[in-house]
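Accompanying notes for the structure given below.
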């Protein structure tokens, strides 16, 4: 009788230990999930710009030849672009050095996708002081579509992957959009002034 009692006690302690372990694992998983949510947030912003330049011409100037053209027409914003890996195809990595008019020094971009037929280009920024130690990365997707007026509509989706509880302010977003718009308009002005360039 005593032996059976001891066996039951051992069995109960065993199951109690397993139950505690399972609860512990669940707790750790829950904590890990919460931490992962706190570590990184994603903020998505979309914008559209209309231009009189046809999609093929704008895509060639702004995207395919942009590494050479943009530092040439806005040197105060961009000093140079050099490829560290590849030569422009998906997977390529390039270093963009900002000009004297910028508050940042450099950033590294990775080409994520390049669709020359549908005028779609996407890349990510995952290194450089432009991330301000507050962003893990930023991804951009640009798509040029024909507009009814004969020009094109440039649609851009930007995703900011933040670190910790950092939250992007409206002023910062607005400033970034204005800079991107300024660069886009500079390319547009160049093409209008040089109609045979591309």
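Residue numbers (full-length UniProt numbering): 1 to 198.
Glycine included, C-beta positions come from ideal geometry on N, C-alpha and C.
Contact fails between the stretch 113-124 and the stretch 71-86, because fewer than three Cβ pairs, one in each stretch, are under 8 Å apart.
Residue 135 and residue 149 have their C-alpha atoms spaced approximately 38 Å apart. Between the alpha carbons of residue 146 and residue 77 lies a gap of roughly 28 Å.
At least 8 Å separates the beta-carbon of residue 161 from that of residue 168.
Taking the Cα of residue 120 as reference, the smallest distance to any Cα among 104, 90, 189 and 142 is reached at 142. In this structure, the straight-line span from the alpha carbon of residue 177 to that of residue 170 is close to 11 Å. Pairing residue 73 with residue 100, the inter-Cα distance amounts to about 14 Å. For residue 134, the secondary structure class from DSSP, reduced to helix, strand or coil, is coil. Less than 8 Å separates the beta-carbon of residue 51 from that of residue 151. Each residue's CA atom was taken as its position, placing residue 165 and residue 132 some 14 Å apart.
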